[in-house]
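A.B. asks: If you scroll down you'll find the structure; I have some questions about it.
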Amino acid sequence: MPVSQTTPGIQSGRLSKDTYDANFSDLHPPLEPHEAAVAADRCYFCYDAPCIAACPTDIDIPLFIRQIQTDTPEEAAKTIFEQNILGGMCARVCPTETLCEEACVRETAEGKPVEIGRLQRYATDTLMAADVHPFERAKSTGKRIAVVGAGPAGLSCAHRLAMKGHDVDVYDARPKPGGLNEFGIAAYKAVEGFAEKEVDWLLKIGGITLHHGKALGEGIDLATLRDGYDAVFLGIGLAGVNALRADGEDKKGVSDAVDFIADLRQADDLSSLPVGRNVVVVGGGMTAVDAAVQSKLLGAENVTIAYRRGRDRMGASKFEQDLAASKGVRIAENLQPVRVIGNGTVQEVEFEYTEDTGNGLKGTGETVRIPADQLLKAIGQTLEGAPDGLKLDSGKIAVNEAGSTSLPDVWAGGDCATGGDDLTVTAVAEGRDAAEDIHKSLMG
Numbered sequence: 039m040p041v042s043q044t045t046p047g048i049q050s051g052r053l054s055k056d057t058y059d060a061n062f063s064d065l066h067p068p069l070e071p072h073e074a075a076v077a078a079d080r081c082y083f084c085y086d087a088p089c090i091a092a093c094p095t096d097i098d099i100p101l102f103i104r105q106i107q108t109d110t111p112e113e114a115a116k117t118i119f120e121q122n123i124l125g126g127m128c129a130r131v132c133p134t135e136t137l138c139e140e141a142c143v144r145e146t147a148e149g150k151p152v153e154i155g156r157l158q159r160y161a162t163d164t165l166m167a168a169d170v171h172p173f174e175r176a177k178s179t180g181k182r183i184a185v186v187g188a189g190p191a192g193l194s195c196a197h198r199l200a201m202k203g204h205d206v207d208v209y210d211a212r213p214k215p216g217g218l219n220e221f222g223i224a225a226y227k228a229v230e231g232f233a234e235k236e237v238d239w240l241l242k243i244g245g246i247t248l249h250h251g252k253a254l255g256e257g258i259d260l261a262t263l264r265d266g267y268d269a270v271f272l273g274i275g276l277a278g279v280n281a282l283r284a285d286g287e288d289k290k291g292v293s294d295a296v297d298f299i300a301d302l303r304q305a306d307d308l309s310s311l312p313v314g315r316n317v318v319v320v321g322g323g324m325t326a327v328d329a330a331v332q333s334k335l336l337g338a339e340n341v342t343i344a345y346r347r348g349r350d351r352m353g354a355s356k357f358e359q360d361l362a363a364s365k366g367v368r369i370a371e372n373l374q375p376v377r378v379i380g381n382g383t384v385q386e387v388e389f390e391y392t393e394d395t396g397n398g399l400k401g402t403g404e405t406v407r408i409p410a411d412q413l414l415k416a417i418g419q420t421l422e423g424a425p426d427g428l429k430l431d432s433g434k435i436a437v438n439e440a441g442s443t444s445l446p447d448v449w450a451g452g453d454c455a456t457g458g459d460d461l462t463v464t465a466v467a468e469g470r471d472a473a474e475d476i477h478k479s480l481m482g
């Protein structure tokens, strides 16, 4: 039983069902056809478009917007899926405001970019609603590849390999596929079970077999996979969570934000989810914002994000920060936790003010206490269970630009590998590129 369910200050059912439904409705409702046509008409269809260069998956954005403008959204979706098979989810969760839309010429000239993300969702949703898969599987090559991890990188790699005629076995530790998309993002970003529906649609390519409850070191090992398959791709993510390094962090009511979000995403009834009255989230990235906002939407009265640096250094985008503020979340800057206070259960968190001296972060000696009956840690994740024999770099699996590791028949991508920036869209690109390199290696 989760710690939160045994803590008196953390309760379920704080709100009515109608309020839960309203709070967790779609963050960005889909465009209607007329709205999509108007939005597409704002695109300049730039030559050498900067939005393409800003997209980690190199989608031809002006082309797919032109296809929407000419009322062929299914063709627009195919243009997207050719580069990003998880384009539907990326349209929902990708920080477009700091990628393609930030690079948009309209943003530079007018401060209002073309709504690329919402247009991408319009196109991909249209094709997926038709229950059509845009690609056909090539003739079987007789080659077998093992993919470990059914997250964005693993699924992207598996789909591209299957499309080229290889047989793919995907192993995942969890009971459901999807990885971060299924377990790690805010519920209001992917409503109505979209992550699961997208995986089901992706598998229509054929040639992919899922195996659940299988993790490296628990049911499978790399040596056995290398012996039994022609190639192996590792998309195992980051399972470990960094320690708070504050006295008393073992008290009841202290838990990991990633677990909190996963429990919420898998809950059938939001009223059954317990949440504190005073919630403090430590961290400054997207996970911190997702945990904080959802705590507020579950009925927490006071929610504070405490970050050790200034807001300009937060990993969460300005849009996400503004979203948190709009929901009533307080963002407290330049605070680092030093002590969790309470008699067995968290009651307050003591923070020290910090300053950035240019030579690193330094505590000022001045402290402040924030009331809390629930403390969520969102201070980064670490790689766990990396197989022996793989070269590591800065705590992640070392790979080259094509995703190849130090072992000749093993590739890796996503959060577990070097070079990424912890985004779904980047993981998709790395899985796709690794698949292309695997295919090239196997087929000569």
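Everything in the sequence shown is counted per my numbering, starting at 39 for the first residue and increasing by one.
Note that beta-carbon positions come from the ideal geometry of N, C-alpha and C, so glycine has one too.
Everything numeric in this text was worked out from a predicted model, so none of it was measured.
1) According to DSSP, is Q49 helix, strand or coil?
2) Answer yes if the segment 310-330 comes into contact with the segment 339-349, meaning at least three C-beta pairs across the two stretches below 8 Å, and no otherwise.
3) Quick one: residues in its chain with C-beta nearer than 8 Å to the C-beta of A370, no 5 flanking neighbours on either side, listed in chain order?
4) A253 to T262, Cα distance in whole Å?
5) Ordered along the chain, which non-local residues of its own chain (more than five positions away) have a Cβ less than 6 Å from that of R182?
6) Please list, in chain order, all residues of the same chain as D79 whose beta carbon is under 7 Å from its beta carbon, the five residues on each side excluded.
7) Is DSSP giving Y58 helix, strand or coil here?
8) Within the segment 276-304, note down every full beta strand (DSSP E) run reaching 3 residues or more, in order along the chain.
9) By Cβ distance below 8 Å, which residues in the same chain neighbour L241 in space, the five residues on each side in sequence not counted?
10) Can you tell me whether D109 is buried or exposed? The criterion is at least 16 other CB atoms within 10 Å of its CB, across all chains shown.
11) Out of A338, I435, F221, which has the shortest C-alpha to C-alpha gap to D426?
12) Taking the runs of the beta strand (DSSP E) that are 3 residues or longer, which of them lie wholly in the segment 198-249?
13) Can you tell me the Cα-Cα spacing of A184 and I476, whole angstroms?
14) With a threshold of 8 Å on Cβ separation, who are the neighbours of A338 within its own chain once the five nearest residues in sequence on each side are excluded?
15) Determine the direct distance from the alpha carbon of G452 to that of V41, and round the result to whole angstroms.
16) What is the rounded straight-line gap between the Cα of G257 and the Cα of D207?
17) Can you check DSSP and say which residues form a bridge with G257?
18) May I ask you to report which of helix, strand or coil DSSP gives S442?
19) If you draw a straight line from the alpha carbon of G275 to that of G187, how long is it in whole angstroms?
20) Are the CB atoms of L336 and L311 nearer to each other than 8 Å?
21) Identify, in the order they occur along the chain, each residue of the same chain with its Cβ nearer than 6 Å to the Cβ of A473, setting aside the five sequence neighbours on each side.
22) List the residues that DSSP assigns as beta-bridge partners of Y391.
23) Would you mind sorting V466 into buried or exposed? The rule is 16 or more other CB atoms within 10 Å of its CB.
24) Going by beta carbon distance, what residues of the same chain come within less than 8 Å of E404, once the five residues before and after it are set aside?
25) S293: buried (16+ other C-beta within 10 angstroms of its C-beta) or exposed?
26) May I have the straight-line CA-CA distance separating D328 from L302, to the nearest angstrom?
27) Check L311 in the structure and name its three-state DSSP category.
28) Report the three-state DSSP secondary structure of T464 (helix, strand or coil).
29) What do you reckon, are the CB atoms on K429 and L282 nearer than 8 Å?
30) Straight-line CA distance for I417 to V296?
31) If you drop the 5 nearest sequence neighbours on each side, which residues of the same chain put their C-beta closer than 6 Å to that of P213?
32) On the three-state DSSP scale, how would you describe T456?
33) Could you tell me which residues DSSP puts in a beta bridge with A450?
34) When you compare only the Cα positions, how much space is there between A354 and G192?
35) Do the segment 212-228 and the segment 148-155 make contact, defined as three or more Cβ pairs closer than 8 Å?
36) I need the boundaries of the beta strand (DSSP E) containing V185, first residue and last residue.
C.D. replies: By the coordinates alone:
1) Strand, per DSSP.
2) Taking one beta carbon from each stretch, the segment 339-349 and the segment 310-330 have 3 or more pairs nearer than 8 Å; the two touch.
3) Excluding residues up to 5 positions away in sequence, T342, I343, A344, Y345, F389, I408 lie with their Cβ nearer than 8 Å to the Cβ of A370 in the same chain.
4) Cα to Cα, A253 sits roughly 13 Å from T262.
5) Taken in chain order, the residues that qualify are D205, Y267, D268.
6) The answer, listed in chain order, is Q107.
7) When secondary structure is reduced to three states using DSSP, Y58 falls in the helix class.
8) Runs found: 292-294.
9) Leaving aside the five residues that flank L241 on each side, the residues in its chain whose CB is nearer than 8 Å to its CB run, in chain order, L248.
10) Exposed.
11) The candidate whose alpha carbon is nearest that of D426 is I435.
12) Entirely contained in the segment 198-249, the beta strand (DSSP E) runs reaching 3 residues are, in chain order, 205-210.
13) Roughly 11 Å separates the two Cα atoms.
14) Here the set comprises R52, V313, G314, R315, N316, V317, Q412.
15) Here V41 scores only 43 on pLDDT, less than 50, and its place in the model should not be relied on; the value that follows carries that caveat. A direct Cα-to-Cα measurement between V41 and G452 gives close to 30 Å.
16) Answer to the nearest angstrom: the Cα atoms are 14 Å apart.
17) The partner list for G257 (beta bridge, DSSP) reads A253.
18) When DSSP states are grouped into helix, strand and coil, S442 belongs to the strand group.
19) Taking the straight line joining both Cα atoms gives about 7 Å.
20) Cβ atoms of L336 and L311: closer than 8 Å.
21) Contacts found: C195, R198, L199.
22) Beta-bridge pairing links Y391 to L373.
23) Using a 10 angstroms sphere on the CB of V466, the tally of other CB atoms reaches 16 or more, which defines it as buried.
24) Excluding five sequence positions before and after E404, the CB atoms of its chain that fall closer than 8 Å to its own CB belong to E390, Y391, given in chain order.
25) Counting Cβ neighbours within 10 Å, S293 comes out buried, since at least 16 surround it.
26) Each residue's Cα considered, the two are about 11 Å apart.
27) When DSSP states are grouped into helix, strand and coil, L311 belongs to the coil group.
28) Helix at T464.
29) K429 is not a Cβ neighbour of L282, given a cutoff of 8 Å.
30) Per the coordinates, the alpha-carbon of I417 lies some 10 Å from the alpha-carbon of V296.
31) Contacts found: H250.
32) Three-state result, T456: coil.
33) In the DSSP secondary-structure assignment, A450 is bridged to L272.
34) C-alpha separation (whole angstroms): 24 Å.
35) No, because fewer than three Cβ pairs between the segment 212-228 and the segment 148-155 fall closer than 8 Å, the two stretches do not touch.
36) Element bounds for V185: 182-186.
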